[in-house]
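Written out below as structure tokens is the structure these notes cover.
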Amino acid sequence: MQTTTVDLGSRSYEILIGENLLDDAAEYILPFLKRKKTVIITDENVAKHQLPRLERSLKGSDISFDTVIVPAGEATKSFTQFESLLEQLITMRLERSDTIIAFGGGVVGDLVGFVASVYLRGINFIQIPTSLLAQVDSSVGGKTGINSRQGKNLVGTFHQPQRVIIDVTSLDTLDHRHLIAGYAEIVKYGLINDPEFFGWLEQNGEALVGGNRNIQIDAIQKSCAAKASIVADDEKEAGVRALLNLGHTFGHALEAENGYNDNLYHGEAVAMGCILAFQLSYKMGLCTEQDVERVEAHFKKLMVKDISEYSFSIDNLLHNMMTDKKMAGGKLTFVLVRGIGHAFLSDAVDMNDVRAVLGDATGR
């Protein structure tokens, strides 16, 4: 088992990464329970494939629990589900000193973290991410939230977990598309500030999504360590943490235009967004054409989706981008690059350049 720490002073916590951690989950959860009672919140897919392992471990340590199962999919990050979960926790008489377990992918983690942050004005929760995307990104750093009709993650809080438990064997039940979606977030870390890591991924990416356990653990640990370092410096995204949004300004707009459905997963949208960010940077004279081609080639080698497969409206995409939560002073902040591993923030972007890049990418 590998361990990475998110250093936030008195609110610091560990990320545990290894094989078959679900079978011993009680051992890693028990130290945080004031009483041997908890609530597991998961989704339908995870309940079918992974829930029995977690339940067996809790029962083996005499930990009582209730289980709440929500629908799978991005649409679950909604006001409706948020209200429903709060009402259920109230009915269960969960106490302020209790701990909730968020057991699932990024949707479950974001939703449950938000619920935990406001129930009784805030209670503790533990993240057990089961998707590659959640394991390398959304379970770490304390961002929680839900979507609104106006855009993605516009309602939420910063609320750190007590611990993150990553069992790579949970990836065995994911299909290829979900693995690729999570892999896009891994690539992001190399593109931001670690060109050597991106080079390593060019050599090992296929083995990672192909199920090589050692490579998966190494990539997850490297990704979590990279995010932990940035979060420790800028917990609430006042500065450097915004670099983690590379590809997301474009990606969130693509998701919104697609209606947040399973025709386009979040990680697929992020991969498209990273390519668009490099294309925009090249158009602005910031990086080389070779940089763009290298990134495009790597994603094309592994991805099952391409932006040209969708019928996106450029006007709608631009409208969606202007509702991004990173707007400041009426300007949209982009994560741009001066090459692979050299990302930076800029609000000095001509939206005509953005329109042109979107037009070239979509053929419109």
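Everything in the sequence shown is counted per the working numbering, starting at 308 for the first residue and increasing by one. A virtual CB, placed ideally from N, CA and C, is assigned to each residue, including glycine. Please read these numbers as outputs of a predicted model, since none were measured by experiment.
query: Contact belief for residue 324 with residue 473 at Cβ below 8 angstroms, rounded distance in angstroms; result: 5 angstroms
query: Residue 439 in three-state terms, based on DSSP; result: helix
query: Between the CA atoms of residue 583 and residue 367 - distance to the nearest angstrom; result: 49 angstroms
query: Assigned secondary structure, residue 357 (DSSP; H/G/I helix, E/B strand, else coil); result: coil
query: For residue 374 and residue 480, the rounded distance between their alpha carbons; result: 21 angstroms
query: Buried/exposed call for residue 342, threshold 16 Cβ in 10 Å; result: exposed
query: contact_flag[the segment 461-468, the segment 332-342] where n(CB pairs < 8 angstroms) is 3 or more; result: no
query: Own chain partners of residue 592 with C-beta closer than 7 angstroms, once the 5 adjacent residues on each side are dropped; result: none
query: Residue nearest to residue 315 in terms of C-alpha spacing, selected from 577, 541, 407, 484; result: 541
query: Near the ligand MG: residue 374 beta-carbon under 7 angstroms from a heavy atom; result: Within the structure as shown, the ligand MG is missing, as the structure has no ligands at all.
query: For residue 308, three-class secondary structure by DSSP; result: coil
query: Segment contact, 8 angstroms Cβ cut-off, at least three pairs: the segment 507-517 with the segment 448-456; result: no
query: Residue 320 (DSSP reduced to helix, strand or coil); result: strand
query: Alpha helix (DSSP H) segment containing residue 552, residue limits; result: Looking at the DSSP string, residue 552 is not in any alpha helix (DSSP H), and its letter there is neither H nor E.
query: Beta-carbon separation (whole angstroms), residue 321 vs residue 310, contact threshold 8 angstroms; result: 5 angstroms
query: Simplified DSSP state of residue 371, which is helix, strand or coil; result: strand
query: Residue from 363, 556, 653 whose Cα sits closest to the Cα of residue 459; result: 556
query: Residue environment, residue 409, which counts as buried when at least 16 other CB atoms sit within 10 Å; result: buried
query: For residue 667, the three-state DSSP class (helix, strand or coil); result: helix
query: Cβ shell of residue 550 (< 8 angstroms), same chain only, five flanking positions each side left out; result: 499, 500, 537, 642, 650, 651, 652
query: Bounding residues of the beta strand (DSSP E) (the contiguous stretch that carries residue 474); result: 470-474
query: Cβ separation of residue 487 and residue 526, assumed to be a contact under 8 angstroms, to the nearest whole Å; result: The Cβ separation is near 13 angstroms, so there is no contact.
query: CA-to-CA distance, residue 427 to residue 578, given in whole angstroms; result: 38 angstroms
query: Distance between beta carbons of residue 376 and residue 405, contact taken as under 8 angstroms; result: Rounded, the Cβ-Cβ distance is 19 angstroms, inconsistent with contact.
query: C-beta contact flag for residue 564 and residue 659 at 8 angstroms; result: no
query: Three-way DSSP call (helix, strand, coil) for residue 346 in this model; result: strand
query: Residue burial classification, residue 417 (beta-carbon count within 10 angstroms, cutoff 16); result: buried
query: Helix, strand or coil at residue 465 [DSSP, three-state]; result: strand
query: Cβ-Cβ distance between residue 401 and residue 364 below 8 angstroms; result: no
query: Presumed contact (8 angstroms Cβ cut-off) between residue 407 and residue 419, rounded CB distance; result: 6 angstroms
query: CB-CB length for residue 644 against residue 590, believed under 8 angstroms; result: In fact, because the Cβ distance is near 12 angstroms, the residues do not count as touching under 8 angstroms.
query: Residue ranges of each alpha helix (DSSP H) within the segment 541-625, 4 or longer; result: 555-564, 573-590, 596-609
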